[in-house]
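K.L.:
If you read the sequence shown in my numbering, its first letter stands for residue 946, the second for the next number, and so on. All C-beta atoms in this analysis are idealised placements derived from N, C-alpha and C, irrespective of residue type, glycine included.
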Amino acid sequence: MTESVLHVQWQSWDNSTDEQFALRWDNGGWVAEGSVSGANVHYVLRLGENLDLRQFLLFRDLDEPDLWLVRDSTGRWGEMNGGERQDLLGCGPVSLGCSPSATLIAIRSLDLEVGGRAELMAATVDTETLSVVPAAHVFTRLDTHRWHLEVGQFGFSTVFDVDDEGVLIQSPGWFRRVAPPPEWPTLLP
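#1: Could you give the distance in angstroms between the alpha-carbon of residue 1108 and the alpha-carbon of residue 1008?
#2: What number of angstroms, rounded off, separates the C-alpha of residue 1088 from the C-alpha of residue 1027?
#3: How is the alpha helix (DSSP H) around residue 1046 delimited, first residue to last?
#4: Among the residues of its own chain, which have a CB less than 6 Å from the CB of residue 1002, if the five just before and after it don't count?
#5: On the DSSP letters alone, give me the boundaries of the beta strand (DSSP E) that residue 1079 sits inside.
#6: From the DSSP output, in three-state form, read off residue 1007 for me.
#7: With a threshold of 16 other CB atoms inside 10 Å of the CB of residue 1072, please say whether the residue is buried or exposed.
#8: Pull up the CB-CB distance for residue 1051 and residue 1069, whole angstroms please, since I reckon it's below 8 Å.
#9: What's the C-alpha gap between residue 974 and residue 980?
#10: Between the Cα of residue 1019 and those of 1025, 999, 1005, spot the shortest distance and give me the residue it belongs to.
#11: Is any beta-carbon of chain C found at less than 8 Å from that of residue 1009?
#12: Whole angstroms are fine: how far does the CA of residue 995 sit from the CA of residue 957?
#13: Could you give the residue range of the beta strand (DSSP E) that holds residue 986?
#14: Three-state secondary structure (DSSP) at residue 944?
#15: Per the DSSP calculation, residue 1069 is bridged to which residue(s)?
#16: Pull up the distance between the alpha-carbon of residue 985 and that of residue 1005, whole angstroms please.
#17: Nearest by alpha-carbon distance to residue 1045: which of 950, 1056, 1094 is it?
#18: Classify residue 974 as helix, strand or coil using the three-state DSSP reduction.
#19: Where does the unbroken beta strand (DSSP E) through residue 1121 begin, and where does it stop?
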């Protein structure tokens, strides 16, 4: 049985995209799924019980995935066609420019104290070209519910606020939550 643990709706600050995002427990792991209108993107992340990435699927206009990446327990990445992605070795989460969902997964797995700072290498996906490159994402916990994210490789920096579960509420200039999630059980790791 699959139970939706979290459902949230985000909107880009400029109102160009809306995302419906859900996180649920399924078959011994987490499944994160997002549909982003305006970007014409649907994605699925299959995660381990500690939110470690196992699979990433990206759909744009086909029934079959346009991009399908897998990551094994040793951290090696590959494409479902069998091609190994040695350039992604050391990457943990997947980051999409059209979605703030990676912030939830990253800060839950980092579990930083206020004032703490950590760098995660993320497989960063360009949803238009389907290119995937490793990029350092530096997270700093500024306060209980406030974080700073910097991705220097792309000249990106933002401060964002989260709720008690780590779900992005707002990041001026980037994204905002437009529909508060219903109450959900605290099952997240």
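P.N.:
In terms of the structure at hand:
#1: On the sequence shown, residue 1108 is found 163 positions in, with the first residue counted as 1. On the sequence shown, residue 1008 is found 63 positions in, with the first residue counted as 1. So the alpha carbons of these two residues sit roughly 34 Å apart.
#2: Sequence index remark: in the sequence shown, residue 1088 carries index 143 (1-based). Sequence index remark: in the sequence shown, residue 1027 carries index 82 (1-based). In a straight line, the C-alpha of residue 1088 is about 43 Å away from that of residue 1027.
#3: Locating residue 1046 in the sequence shown gives position 101, where the first residue counts as 1. Annotation for residue 1046: the continuous alpha helix (DSSP H) segment containing it runs 1046-1055.
#4: Here residue 1002 is taken as the residue at index 57 of the sequence shown, counted from 1. Shown here for residue 1002: same chain residues with a beta carbon closer than 6 Å to its own, the five before and five after excluded, namely 989, 1010, 1013 in chain order.
#5: On the sequence shown, residue 1079 is found 134 positions in, with the first residue counted as 1. Segment 1077-1088, the beta strand (DSSP E) holding residue 1079.
#6: Taking the first residue of the sequence shown as 1, we reach residue 1007 at position 62. Three-state result, residue 1007: coil.
#7: Your numbering for residue 1072 matches position 127 in the sequence shown. Its Cβ being crowded by 16 or more others within 10 Å, residue 1072 is buried.
#8: Reading the sequence shown from its first residue, position 106 is the one you call residue 1051. Reading the sequence shown from its first residue, position 124 is the one you call residue 1069. Rounded, the Cβ-Cβ distance is 12 Å, inconsistent with contact.
#9: Here the question's residue 974 lines up with position 29 in the sequence shown. Here the question's residue 980 lines up with position 35 in the sequence shown. Taking the straight line joining both Cα atoms gives about 20 Å.
#10: One-based indexing of the sequence shown puts residue 1019 at position 74. The residue with the shortest Cα to Cα distance from residue 1019 is 999.
#11: You won't find chain C in this structure, because it holds only one protein chain.
#12: In the sequence shown, residue 957 corresponds to position 12, counting from 1. In the sequence shown, residue 995 corresponds to position 50, counting from 1. Going by C-alpha positions, residue 957 is about 28 Å away from residue 995.
#13: Numbered from its first residue, the sequence shown carries residue 986 at position 41. Counting along the chain, residue 986 sits inside the beta strand (DSSP E) bounded by residues 986-992.
#14: In the structure as shown, the chain begins at 946 and stops at 1134. Residue 944 is therefore absent and cannot be evaluated.
#15: Position 124 of the sequence shown, counted from the start, is the residue given in the question as residue 1069. In the DSSP output, where bridge partners are listed per residue, residue 1069 has 1040, 1078.
#16: Along the sequence shown, one-based indexing puts residue 985 at 40. Along the sequence shown, one-based indexing puts residue 1005 at 60. If I take the Cα positions, the gap works out to 6 Å.
#17: Within the sequence shown, residue 1045 is the residue found at index 100, counting from 1. Among 950, 1056, 1094, the Cα nearest to that of residue 1045 belongs to 1094.
#18: Reading the sequence shown from its first residue, position 29 is the one you call residue 974. DSSP places residue 974 in strand when its eight states are reduced to three.
#19: For the purposes of this step, residue 1121 is identified with residue 176 of the sequence shown, where counting begins at 1. Per DSSP, the unbroken beta strand (DSSP E) holding residue 1121 starts and ends at 1120-1124.
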